[in-house]
Amino acid sequence: MNTAAAQVREPRTTSRRRKMPAAGPLIGFVVLLAVTVAMLAPLWFMVSTSLKTTKEMLAFPPTFIPETFAWSNFKELFTNSDIKFGQQYANSLIVAVFSVLGTVISSSLVAFGFARYRARGSGLLFLLMLSTMMLPYPAIMIPQFLLFTNIGLHDSLLPLILPNFFGSAYIIFLLKQFFSTMPNELYDAGRIDGSNEFRLFWNLTLPLAGPALATVSIFTFIWSWNDLLTPVLYLDSQENFTLPIGMAAMMSSKFRLAPWNLLMAAALLSSLPIITLFAVAQRRFVEGIVLTGIK
Amino acid sequence: MRRKRIDRETRAFYWFISPWLIGFVVLALFPILASLYYSFTDYDVVHAPVWIGLDNFRELFRDELFWTSIRATLKYTLISVPLTLLLSLAFAMLINQKVPFQGFFRTAIYFPSMISGVAMSLLWFWVFNPQAGLFNLVLSWFGVDPIPWLLDARYAIWALIIMSFWGMGAGMLIFLAGLQGVPQHLLEAAKLDGAGRWKTFRNVTFPMISPVFLFQLIIGIIDSFQVFTQAYTITQGGPSYSTWFYVYNIYINAFKNFRYGYASAMAWILLVAVMIVTYVIMKTSNRYVYYEGGQSR
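Chains as they are written, first to last, in my numbering: chain A, 1 to 295; chain B, 1001 to 1297.
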């Protein structure tokens, strides 16, 4: 302990020419290694459980590597008609894809409006838009629910999709920041060429906004994919469930003995789209987290 | 001529923002006002709302479960949010040193954040399984007897708090980006002035990342006030109401007990609480948040 403390102070007192890596980073390295193991252990537990037979899954102490690889768990998710996992996976994909489309189209229009035009009340409306970022969904969900139910959309995927076509305050804010950096000369040139305002947006701005749109698409997808509360309010029948509510139902009702191996297989499969997005677009992904401040 | 130009601009502005404006009126403004109205009524959807004045609020303040839900939510928020923030900042600082395999650590600590929502709840329900779960296995290596985590009112909320740390990766990435944005010349200058690690952090690094810190704090608290997934998926508010979170209470009252008026009163209290907390944090933050250029947002 004493030597460790002495080593921490070392870089300040001795000259910088030393080739040895400083001790501070070394201790940091060890701590990080321990944290990494702790963070990844549950993931390992998830993957290994998903491949265990029911008998092995209940053994204590748990085995780290399954003795026999029960790949049939994954197959059962799709073949067991009590679960409807495949259908629910498709529902989640439909909701997420249309939510992304709706959010990106509407939010970029709105963001363009806020970024490029000044009008009576535009500043005030922008502040109003920003303030809705803090609006908790539970505070407005009851009237929204009654609204969508009254127009006959209960137990359908539409209440999960439609609100996205009216823009999302976060996304509008991010895209507005991006559009504001575009030079005025670009638009003056466009106007001289006779473009109307919509073509300035569609032909001139959007093609340059590819990376920003990719970033916000990733995040809209994740929000939609993970949302539990909205589907819980609207969806009644199992074949209409999205994955989160389907998985929650899978644990609570059908089975007396929770089928942990199936549940872990479901949790793993349900995380694949997000992991895939991370793998193929890591830079956009990380940028999006940093920009939105949201997981 | 000039008049016409302005009109054209006004038209274009409202045309472009119309999706949001319509959505705001229909999906935010109307629901806010409607739930304010419902909160003064007795409303079960089948019958028309009946105006009952402040009765819902009077009943709420006498409702033991209402206070239970506030206590559970506050406990969860006050422990989970600051600790998650501090942990993610600490690990961001560790990674930001010139450690070997920086990229690996960054990805490894972030990776669990991709298992979120219900998938994460399922996984941790299993990790906290008293008989065959990973958590008690690890504890048993240190001679700790099995703990009935989520099945015991004394431990359930702590299990959920521990679980929340697992999602610190996103915060870590955000802080890391903030730390990497701290100008090197400022750190060099502090070093030349003989400032130690703590002083450098206190007077240079933290002020530079304080806006990020503030934003994370506000978002963290607002999100945590709305904790729902864990209660719905894992605990159903139990055992013995120990995880009966506020939004779960709203959900049960509105969508299980069909007391829309009563639940709307709670929803409005949440809205006001979020506004007050945001306002107070923003107001008191002037003391420790530094905006470059001296301009506050």
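Note that the Cβ used here is the ideal one computed from N, Cα and C, for glycine as well.
{"Query": "Helix, strand or coil, according to DSSP, for Trp1015 of chain B in the structure here?", "Result": "helix"}
{"Query": "Using the beta-carbon of each residue, which ones in chain B are nearer than 8 Å to Thr132 of chain A?", "Result": "Phe1024, Ala1028"}
{"Query": "For Trp1051 of chain B, name the three-state secondary structure that DSSP assigns.", "Result": "strand"}
{"Query": "Based on the DSSP secondary-structure assignment, which residues constitute the bridge partners of Thr1041 of chain B?", "Result": "B:Trp1051"}
{"Query": "How many Å lie between Leu158 of chain A and Phe29 of chain A at the Cα?", "Result": "49 Å"}
{"Query": "Taking Ser195 of chain A and Asn203 of chain A to be in contact with their CB atoms under 8 Å, please state how far apart those CB atoms are, rounded to whole angstroms.", "Result": "7 Å"}
{"Query": "Tell me, please, whether the CB atom of Lys19 of chain A is closer than 8 Å to any CB atom in chain B?", "Result": "Unreliable placement is indicated for Lys19 of chain A, whose pLDDT of 46 sits below 50; the coordinate value is still reported in the next sentence. It does not; no Cβ of chain B falls within 8 Å."}
{"Query": "When you compare the stretch 104-124 of chain A with the stretch 173-189 of chain A, are there three or more beta-carbon pairs, one atom per stretch, that lie closer than 8 Å?", "Result": "yes"}
{"Query": "Which residues in the same chain as Leu315 of chain A place their Cβ atom closer than 8 Å to its Cβ, once the five residues preceding and following it in sequence are excluded?", "Result": "Since the first residue of chain A shown is 1 and the last is 295, residue 315 of chain A is not available in this structure."}
{"Query": "Rounded to a whole number of angstroms, what is the C-alpha to C-alpha distance between Ala96 of chain A and Leu1150 of chain B?", "Result": "32 Å"}
{"Query": "What does the Cβ neighbour count give for Glu197 of chain A, buried or exposed, with the cut at 16 atoms within 10 Å?", "Result": "buried"}
{"Query": "What distance in whole Å lies between the Cβ atoms of Thr1278 of chain B and Ile1218 of chain B, which are believed to be in contact at a cut-off of 8 Å?", "Result": "6 Å"}
{"Query": "Are the stretch 1052-1068 of chain B and the stretch 1205-1213 of chain B in contact at 8 Å, needing three or more beta carbon pairs?", "Result": "no"}
{"Query": "Under 9 Å, CB to CB, which of the residues in the stretch 1109-1122 of chain B have a partner in chain A?", "Result": "Ile1109, Tyr1110, Phe1111, Pro1112, Ser1113, Met1114, Ile1115, Ser1116, Gly1117, Val1118, Ala1119, Met1120, Ser1121, Leu1122"}
{"Query": "By a C-beta neighbour count over all protein chains shown, 10 Å radius and 16 as the cutoff for buried, is Arg1008 of chain B buried or exposed?", "Result": "exposed"}
{"Query": "Under 8 Å between C-beta atoms, does Phe278 of chain A make it to chain B?", "Result": "yes"}
{"Query": "Tell me which residues share the same chain as His154 of chain A and place their Cβ nearer than 8 Å to its Cβ, disregarding the 5 neighbours each side in the sequence.", "Result": "Phe148, Tyr234, Asp236"}
{"Query": "Using beta carbons (cut-off 8 Å, strictly below), is Trp71 of chain A in contact with chain B?", "Result": "no"}
{"Query": "I want to verify the contact list: residues of chain A whose CB lies under 8 Å from the CB of Ser1069 of chain B, in sequence order.", "Result": "Residues of chain A passing the Cβ test: none, with the nearest at roughly 12 Å."}
{"Query": "Mind checking the stretch 108-123 of chain A against chain B and listing, in chain order, the residues whose C-beta falls within less than 7 Å of any C-beta there?", "Result": "Leu109, Val110, Phe112, Gly113, Phe114, Tyr117, Arg118, Ala119, Arg120, Ser122"}
{"Query": "What is the rounded straight-line gap between the Cα of Glu10 of chain A and the Cα of Asn73 of chain A?", "Result": "With a pLDDT of only 41 at Glu10 of chain A, under the threshold of 50, the placement of this residue in the model should not be trusted; the figure read from the coordinates follows. Going by the C-alpha atoms only, they are around 55 Å apart."}
{"Query": "Cα separation between Ala1170 of chain B and Ala1265 of chain B?", "Result": "34 Å"}
{"Query": "With a threshold of 16 other CB atoms inside 10 Å of the CB of Gln1180 of chain B, please say whether the residue is buried or exposed.", "Result": "exposed"}
{"Query": "Please determine if the stretch 74-82 of chain A and the stretch 281-291 of chain A are in contact, where contact requires at least 3 C-beta pairs separated by less than 8 Å.", "Result": "no"}
{"Query": "When the Cα atoms are used, what is the spatial distance from Leu213 of chain A to Ile245 of chain A?", "Result": "29 Å"}
{"Query": "I'd like the span of the alpha helix (DSSP H) that includes Val232 of chain A, first residue to last.", "Result": "229-234"}
{"Query": "Considering only C-alpha positions, which residue in the set A:Met250, A:Val216, A:Phe241 is nearest to Gly102 of chain A?", "Result": "A:Val216"}
{"Query": "What three-state label does DSSP hand Gly190 of chain A in the structure shown?", "Result": "helix"}
{"Query": "The alpha helix (DSSP H) that contains Leu1085 of chain B, what's its start and end?", "Result": "1064-1096"}
{"Query": "For Gly123 of chain A and Val1026 of chain B, what's the separation of their Cα atoms in angstroms?", "Result": "21 Å"}
{"Query": "At a CB distance below 8 Å, what residues from the stretch 1142-1169 of chain B approach chain A? Give them in sequence order.", "Result": "Trp1166, Gly1167, Gly1169"}
{"Query": "Beta-carbon within less than 6 Å of Phe1016 of chain B's beta-carbon, same chain only, minus the 5 sequence neighbours each way: which residues are those?", "Result": "none"}
{"Query": "Between Ala1092 of chain B and Phe1165 of chain B, how many whole angstroms is the CB-CB distance? I'm expecting something under 8 Å.", "Result": "Not a contact, Cβ separation roughly 14 Å."}
{"Query": "For Trp1020 of chain B, would you say it is in contact with chain A, using Cβ-to-Cβ distances shorter than 8 Å as the test?", "Result": "yes"}
{"Query": "Which residue comes first and which comes last in the alpha helix (DSSP H) that contains Asn80 of chain A?", "Result": "Careful: Asn80 of chain A lies outside any alpha helix (DSSP H) and carries neither H nor E."}
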